[in-house]
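Counting from 0, one number per residue, gives the positions in the sequence shown under numbering that gives the first Met the number 0. Don't be surprised by glycine CBs; every beta carbon is placed ideally from N, CA and C. Below is one structure; the comments refer to it alone.
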Amino acid sequence: MKKMVLLVLLLLCITGCEKKDEKIEGIIEKNTNTVISIHYPKTRIRKLDKAITKYIQEQHKQFKKDYENNRSISELNIDYEYHKNGNYYQIVLITFISSNDLINPIYKIKTFVFDADKNTFLTLLDIANEKDLSIGKIKQELIEDYKNCISIPQLEETFSNLNTLQFTFDENSIVLYFNPDEIMKNNYQIIEHEIVFSKFKVHFEQQEKNQTVQYQKKERDLDVHKPTIALTFDDGPSKYTKEIIEILNEYDANATFFILGNKVEFYRETLERSLSYGNELGNHSYNHKYLSKLSVEELKKQIELTNQIVQNTLHYEIKYLRPTYGSVNQKLKKNSNLEIVLWNVDTKDWKIKNGKKIAEKALNDIKDGKVILMHDIYKTTLEALKIMLPELKKQGYQIVTVSELKEIQKLRNAEK
Ligand code: ZN
Numbered sequence: 000m001k002k003m004v005l006l007v008l009l010l011l012c013i014t015g016c017e018k019k020d021e022k023i024e025g026i027i028e029k030n031t032n033t034v035i036s037i038h039y040p041k042t043r044i045r046k047l048d049k050a051i052t053k054y055i056q057e058q059h060k061q062f063k064k065d066y067e068n069n070r071s072i073s074e075l076n077i078d079y080e081y082h083k084n085g086n087y088y089q090i091v092l093i094t095f096i097s098s099n100d101l102i103n104p105i106y107k108i109k110t111f112v113f114d115a116d117k118n119t120f121l122t123l124l125d126i127a128n129e130k131d132l133s134i135g136k137i138k139q140e141l142i143e144d145y146k147n148c149i150s151i152p153q154l155e156e157t158f159s160n161l162n163t164l165q166f167t168f169d170e171n172s173i174v175l176y177f178n179p180d181e182i183m184k185n186n187y188q189i190i191e192h193e194i195v196f197s198k199f200k201v202h203f204e205q206q207e208k209n210q211t212v213q214y215q216k217k218e219r220d221l222d223v224h225k226p227t228i229a230l231t232f233d234d235g236p237s238k239y240t241k242e243i244i245e246i247l248n249e250y251d252a253n254a255t256f257f258i259l260g261n262k263v264e265f266y267r268e269t270l271e272r273s274l275s276y277g278n279e280l281g282n283h284s285y286n287h288k289y290l291s292k293l294s295v296e297e298l299k300k301q302i303e304l305t306n307q308i309v310q311n312t313l314h315y316e317i318k319y320l321r322p323t324y325g326s327v328n329q330k331l332k333k334n335s336n337l338e339i340v341l342w343n344v345d346t347k348d349w350k351i352k353n354g355k356k357i358a359e360k361a362l363n364d365i366k367d368g369k370v371i372l373m374h375d376i377y378k379t380t381l382e383a384l385k386i387m388l389p390e391l392k393k394q395g396y397q398i399v400t401v402s403e404l405k406e407i408q409k410l411r412n413a414e415k
């Protein structure tokens, strides 16, 4: 059992710079009986993207079919790990389903190993053949390592089609992944098993060194007596964030972006620029799991991993937490050392998806001192901002970060 490891969230193994063509797709839904958060990379390689999208759609559809009519809230979370080494793209998708009807959550893993030069998916057999690796020996190793819990018939069944085995590889080893029911009975965790090679040699790119960046904090000229709102964005960054920060900057507006840790590496340049414009970053978990429903350990991991990534990547220290799905309980309050920030105007941009209508609703609800909730993952939110910002400026509003609003409120209270 010693080599059996529960799959943990791994830091993304990619180079520090923002990739121009590779971005993260995100789906976040809150329905009556289900909450859904899905993140996966877009590589711009058609064949690979098509396979990933197809898999995601299948999982999404199946979940809705199985859980939409349940009485209690069920959660679907699909997250990714992304590794690109030279011409090899390796994507691991981890599905997590939790529901009151389930004794244990469901975990599922799917790997995509793609050779971009040959425009083809690689199977374990491809690697095994190239490296003189004996499948028989791998099976033997698994039987020895997991001797108390492995099911030989299940192992044989799983190995009967080598094309469907889940794996990733690097210069030193192959990692095999088994879904909970694949090689063991009564097991609900994913099994990750590493086979180390000494002779295994593939050329891998050297990782680029991260550059450190200095943020020049923009001078802000704020007036305590002017009507003021804090604009906040959840669930990003995304491909729309870049344009959103530009338009905010154009109108001398700043906002607090509650970001997901699993996207930071991919949007590093956007986030750096955002900070240099005077925007603020907050924590919105690592991959949008339902924080208030997690175990203390899982909960802390979601928050701390995101803080760490932001600290390491952007040299920025996060102060605020916005809980996923706006759900707060005692457990969450007790186990986060970040200040929790909610909102009091929900623009419902996640639901309305029409720029004009979002703007109308927002402008109608906005009042001095309010915290506005929006999401920088929709094109329609960007369109709404193009209507809202000039109008708010015309009405004399200052648009600020959460920290700035708090500061203004403090000064206003002192005056009383
Ligand atoms: Zn969210």
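Is residue i close to the ligand ZN? I mean its beta-carbon at under 7 Å from any heavy atom of the ligand.
| i | result |
| --- | --- |
| His38 | no |
| Ile27 | yes |
| Asp234 | yes |
| His59 | no |
| Thr380 | no |
| His224 | no |
| Thr323 | yes |
| His287 | yes |
| His314 | no |
| His192 | no |
| Lys82 | Checking the sequence, you will find His at residue 82 rather than Lys. His82 Cβ: outside cutoff for every heavy atom of the ligand ZN. |
Nearest to residue i by CA position, among the options, is which residue?
| i | options | result |
| --- | --- | --- |
| Asp180 | Glu156, Leu274, Gly135 and Thr312 | Glu156 |
| Glu193 | Asp144, Ile35 and Ile228 | Asp144 |
| Ile37 | Asn103, Tyr285, Phe232 and Arg70 | Tyr285 |
| Leu391 | Glu403, Glu359, Ala413 and Leu410 | Glu359 |
| Leu270 | Pro236, Lys83, Ser97 and Glu338 | Pro236 |
| Asp100 | Ser71, Tyr239, Tyr106 and Lys109 | Ser71 |
| Lys378 | Val340, Tyr239 and Glu296 | Tyr239 |
| Leu121 | Asn86, Thr400 and Ile96 | Asn86 |
| Met303 | Gln329, His314 and Ser335 | A small correction: the amino acid at residue 303 is Glu; Met does not occupy that position in the sequence shown. Taking only the C-alpha atoms, the option nearest Glu303 is Ser335. |
| Val401 | Asn278, Thr380 and Val327 | Asn278 |
| Tyr81 | Lys333, Glu403 and Asn261 | Asn261 |
| Lys63 | Tyr79, Ser98 and Lys49 | Ser98 |
| Lys299 | Asn147, Asp169, Pro152 and Leu337 | Leu337 |
| Glu268 | Lys136, Tyr250 and Thr312 | Thr312 |
| Lys393 | Ile134, Glu170 and Tyr250 | Tyr250 |
| Thr227 | Lys415, Leu259, Leu410 and Gln165 | Leu410 |
| Ala127 | Tyr88, Val195 and Lys146 | Val195 |
Can residue i and residue j be called in contact, C-beta distance under 8 Å?
| i | j | result |
| --- | --- | --- |
| Gly281 | Thr323 | no |
| Ile371 | Leu247 | no |
| Thr33 | Ser73 | yes |
| Thr167 | Val174 | yes |
| Leu154 | Ile182 | yes |
| Ile35 | Leu92 | no |
| Phe158 | His374 | no |
| Ile263 | Ile308 | In the sequence as displayed, the identity of residue 263 is Val instead of Ile. In this structure, Ile308 lies closer than 8 Å to Val263 by Cβ. |
| Pro40 | Ile26 | no |
| Asn176 | Asn103 | The sequence as given places Tyr at residue 176; Asn does not occur at that position. No. |
| His283 | Phe265 | no |
| Asn253 | Ile398 | yes |
| Lys225 | Gly395 | yes |
| Lys184 | Ser150 | yes |
| Ile339 | Val223 | no |
| Thr31 | Gln58 | no |
| Ile77 | Ile105 | no |
| Leu381 | Ile244 | no |
Please report whether the beta-carbon of residue i lies at a distance below 8 Å from any beta-carbon of chain C.
| i | result |
| --- | --- |
| Gln310 | The question asks about chain C, but that chain is absent: this structure has only one protein chain. |
> Touch check for the stretch 351–369 and the stretch 383–392: three-plus C-beta pairs under 8 Å?
Replying inline: yes
>> Whether or not the stretch 279–293 and the stretch 343–351 are in contact is what I'm after, with contact meaning three or more pairs of Cβ atoms, one per stretch, closer than 8 Å; do they touch?
In response: no
>> Between the stretch 64–82 and the stretch 268–280, can you find at least three pairs of beta-carbon atoms closer than 8 Å?
In response: By the C-beta criterion, the stretch 268–280 is judged not to be in contact with the stretch 64–82, since fewer than 3 inter-stretch pairs fall below 8 Å.
>> Extract the residue ranges of the beta strand (DSSP E) inside the stretch 75–115, only unbroken runs of 3 or more that lie entirely within it.
In response: 87–97 and 105–114
> If you scan the stretch 275–330 from start to end, which runs of the beta strand (DSSP E) of 3 or more residues do you find wholly inside it?
Replying inline: 279–282
> Of all the alpha helix (DSSP H) runs that stay within the bounds of the stretch 336–390, which reach a length of 4 or more residues?
Replying inline: 348–351 and 354–364
>> Tell me whether the stretch 311–330 and the stretch 351–358 touch, counting them as touching only if at least three CB pairs, one residue from each stretch, are closer than 8 Å.
In response: The stretch 311–330 makes no contact with the stretch 351–358; the number of CB pairs closer than 8 Å stays below 3.
>> I'd like the ranges of any beta strand (DSSP E) spanning at least 3 consecutive residues and lying wholly in the stretch 31–55.
In response: 33–41
> In chain order, which continuous runs of the alpha helix (DSSP H) of length 4 or greater are located wholly inside the stretch 116–164?
Replying inline: 123–129, 134–144 and 151–158
> Hey, is the stretch 106–118 in contact with the stretch 132–146, meaning 3+ C-beta pairs nearer than 8 Å?
Replying inline: no
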